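When you line the sequence shown up against the working numbering, it's residues 2 to 385, in that order.
What follows is a set of notes on a single structure, which appears directly below.
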Amino acid sequence: MGRKSAAVLDIRSSEISIVVGERGVNNTFVFRASKTEPYDGYDEEAFFDTDKLADAIFRALSGVELICGGRIHELYVGVPGAFTRVLPKEQVTGFPKKRRIGQKEIDALFASGREELEGYRFMRATSMIFVTGDNRRVIDPSGLSSDVLSGVLSYFYCSNYFAETIEGIFADMKISLHFLPTQLAMASYLIPSETRDEYALFFDAGYMSSTLCVLMGGGVLAQRTYFVGKGQIAVRLMERFSLPYDAAVALLGRANLFSKENAGRTEFSFRGETYEIDMDALVETVKEGLDEICEAIGSFLEECSSKELESKPLYVSGEGLGEIRGALEHVSKRVSRICEQLAPDLPYYNKPSMSSRIALLAMACDDRAQSGLVQKLFNLIFGG
Numbered sequence: 002m003g004r005k006s007a008a009v010l011d012i013r014s015s016e017i018s019i020v021v022g023e024r025g026v027n028n029t030f031v032f033r034a035s036k037t038e039p040y041d042g043y044d045e046e047a048f049f050d051t052d053k054l055a056d057a058i059f060r061a062l063s064g065v066e067l068i069c070g071g072r073i074h075e076l077y078v079g080v081p082g083a084f085t086r087v088l089p090k091e092q093v094t095g096f097p098k099k100r101r102i103g104q105k106e107i108d109a110l111f112a113s114g115r116e117e118l119e120g121y122r123f124m125r126a127t128s129m130i131f132v133t134g135d136n137r138r139v140i141d142p143s144g145l146s147s148d149v150l151s152g153v154l155s156y157f158y159c160s161n162y163f164a165e166t167i168e169g170i171f172a173d174m175k176i177s178l179h180f181l182p183t184q185l186a187m188a189s190y191l192i193p194s195e196t197r198d199e200y201a202l203f204f205d206a207g208y209m210s211s212t213l214c215v216l217m218g219g220g221v222l223a224q225r226t227y228f229v230g231k232g233q234i235a236v237r238l239m240e241r242f243s244l245p246y247d248a249a250v251a252l253l254g255r256a257n258l259f260s261k262e263n264a265g266r267t268e269f270s271f272r273g274e275t276y277e278i279d280m281d282a283l284v285e286t287v288k289e290g291l292d293e294i295c296e297a298i299g300s301f302l303e304e305c306s307s308k309e310l311e312s313k314p315l316y317v318s319g320e321g322l323g324e325i326r327g328a329l330e331h332v333s334k335r336v337s338r339i340c341e342q343l344a345p346d347l348p349y350y351n352k353p354s355m356s357s358r359i360a361l362l363a364m365a366c367d368d369r370a371q372s373g374l375v376q377k378l379f380n381l382i383f384g385g
């Protein structure tokens with residue numbers, strides 16, 4: 002693996018992926034290796050089977066190391082919303098007299114709001130907005146002069162359970178782990194900063210677990226995870242049509258919620274078996290599953306209701322809705338809000354299901370570049 006490359010582990014609610022790559026030109030990436038493996042997922046508290054999770058990670062890691070022709074020594078791990086807690090805070094720090102604000106003052110402001118959280122460990126802090134003593138609201142206060150600096154900040158924490166589970170899997174591998182908040186990475190990568198500066202709504206629609214966020218600037222004002230998604234809709238199809246689960250998932254891809262050809266019955270073949278499916282019943286069942294997702298969105302919007310969010314579109318990504326034809330239109334009608342599908346603007350990776358792994362790679366590459374710059378400055382000042 003090259004010195005500029007970063008390796009990320011993306012843990013979704015039905016599969017894991019390890020991707021190795023680096024920044025290219027014009028916001029592109031150079032990919033060295035990628036491997037995805039299925040596993041059993043997780044619920045509100047824990048992974049269903051940590052042994053199967055470990056096996057999936059080992060298979061993916063072996064695959065990418067074989068392709069790269071070398072060992073991975075550093076890995077950035079995405080923390081799903083189910084295992085992330087976000088604390089928004091407003092912090093204020095004052096100075097004896099007016100001074101030019103630099104990184105030292107900004108770091109002190111962030112440090113003033115950091116706290117220990119039982120059952121969690123700190124990952125990172127980001128800013129939504131800064132305000133100077135003369136009430137200037139800025140995204141970056143560096144270089145400004147003020148005797149007061151305040152900020153609306155987001156503090157991201159990873160559950161001890163998640164961190165210790167992943168650390169246990171890698172315990173004997175001599176791999177350095179760094180934890181990243183997945184939804185922050187996705188929102189920061191997919192939604193332009195100028196859009197986030199004035200509030201934005203983001204929905205990471207997953208397979209069994211989906212997360213909603215209110216974004217502001219470079220931070221998250223509110224975040225909630227709901228256990229709804231594509232997998233639960235497949236369960237409804239399995240029960241309605243007496244199908245094996247894998248067949249129900251495949252049938253879900255055949256649904257077209259607003260097609261004029263939905264009436265009548267059709268034959269559906271899967272792995273040598275043929276099933277007779279009532280198309281009206283298929284659409285009805287899929288819509289019932291989507292309505293459960295809509296109820297979660299509605300609950301979140303009611304909890305976070307404010308005038309600033311009333312006219313905002315809902316940006317959607319993830320694997321949960323992208324492959325169901327008509328799903329986004331149905332959700333948009335039910336929640337009475339424009340829904341816009343987002344995906345990476347990259348050849349081959351331009352699918353909503355690819356968003357989390359590419360976004361995590363982007364954040365990991367930025368972190369590596371920042372840590373490399375800090376190390377260079379340290380060596381320049383102190384030698385080495």
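Ideal Cβ placement from N, Cα and C applies to all residues, glycine included.
Predicted, not measured: the structure shown is a model, and the values here were computed from it.
Tell me the DSSP bridge mates of residue i?
i	result
residue 190	DSSP output for residue 190 lists no bridge partner at all.
residue 179	77
residue 218	Bridge partners of residue 218: none, in fact.
residue 130	153
residue 138	132
residue 166	Answer by DSSP bridge pairing: none, since residue 166 is not bridged.
residue 317	204, 342
residue 10	19, 78
residue 396	Within the shown structure, residues of the chain are numbered from 2 to 385, placing residue 396 beyond reach of any answer.
residue 158	86, 123
residue 213	204, 225
Could you work out which residue in the options is closest to residue i when comparing CA atoms only?
i	options	result
residue 343	92, 318, 156	318
residue 275	284, 300, 242, 256	242
residue 269	347, 244, 237	244
residue 205	279, 195, 199, 216	216
residue 200	20, 313, 101	313
residue 271	303, 261, 230, 254	254
residue 305	57, 214, 351, 100	214
residue 82	315, 326, 210	210
residue 128	352, 330, 150	150
residue 75	119, 9, 278	9
residue 365	142, 177, 77, 30	77
residue 177	7, 354, 13, 135	7
residue 328	289, 47, 302	289
residue 192	163, 356, 121, 292	356
residue 227	322, 297, 25, 141	297
Distance check for residue j and residue i, CA to CA, integer angstroms please.
i	j	result
residue 379	residue 294	Low confidence applies to residue 379: its pLDDT is 38, below 50, so where it sits in the model is not reliable, and the reading given next is rough at best. Those two C-alpha atoms are separated by around 49 Å.
residue 51	residue 42	9 Å
residue 80	residue 239	30 Å
residue 11	residue 208	14 Å
residue 358	residue 97	45 Å
residue 1	residue 69	Because the chain spans 2 through 385 in this model, residue 1 falls outside it and cannot be assessed.
residue 324	residue 181	27 Å
residue 381	residue 108	Residue confidence is low: residue 381 scores 40 on pLDDT, short of 50, so the model does not pin down where it sits. Its coordinate-derived value is still stated next. Taking the straight line joining both Cα atoms gives about 21 Å.
residue 231	residue 165	28 Å
residue 249	residue 202	31 Å
residue 5	residue 73	13 Å
residue 65	residue 174	15 Å
residue 183	residue 265	42 Å
residue 55	residue 104	40 Å
residue 139	residue 299	32 Å
residue 23	residue 179	17 Å
residue 345	residue 167	27 Å
residue 350	residue 247	24 Å
residue 237	residue 131	47 Å
residue 267	residue 273	16 Å
residue 21	residue 136	44 Å
residue 339	residue 330	9 Å
residue 86	residue 194	22 Å
Legend entry - the stretch 282-293 / the stretch 302-321 touching (three or more Cβ pairs under 8 Å): no
Legend entry - Contact the stretch 332-341 vs the stretch 209-225: 3+ CB pairs below 8 Å: In the pairwise beta carbon analysis, the stretch 332-341 is classified as not touching the stretch 209-225: fewer than three pairs are separated by under 8 Å.
Inset, instruction - Decide if the stretch 150-165 is in contact with the stretch 88-98; the criterion is three or more beta carbon pairs, one per stretch, under 8 Å apart. - result: The answer is yes - the stretch 88-98 touches the stretch 150-165, with three or more Cβ pairs under 8 Å.
Inset, instruction - For the stretch 105-118 and the stretch 54-73, state whether three or more C-beta atom pairs, one from each stretch, are separated by less than 8 Å. - result: no
Inset, instruction - Check whether the stretch 26-45 touches the stretch 9-18, counting contact only when three or more Cβ pairs, one atom from each stretch, lie closer than 8 Å. - result: yes
Inset, instruction - Let me know the beta strand (DSSP E) ranges lying completely inside the stretch 73-126, each 3 residues or longer, listed in chain order. - result: 75-80, 85-101
Legend entry - Segments assigned beta strand (DSSP E), at least 3 residues, entirely inside the stretch 12-68: 16-24, 30-39
Inset, instruction - Would you list, in sequence order, the uninterrupted beta strand (DSSP E) runs of no fewer than 3 residues that lie entirely inside the stretch 222-279? - result: For secondary structure counted as the beta strand (DSSP E) over 3 or more consecutive residues, the stretch 222-279 holds these complete runs in sequence order: 266-271, 274-279.
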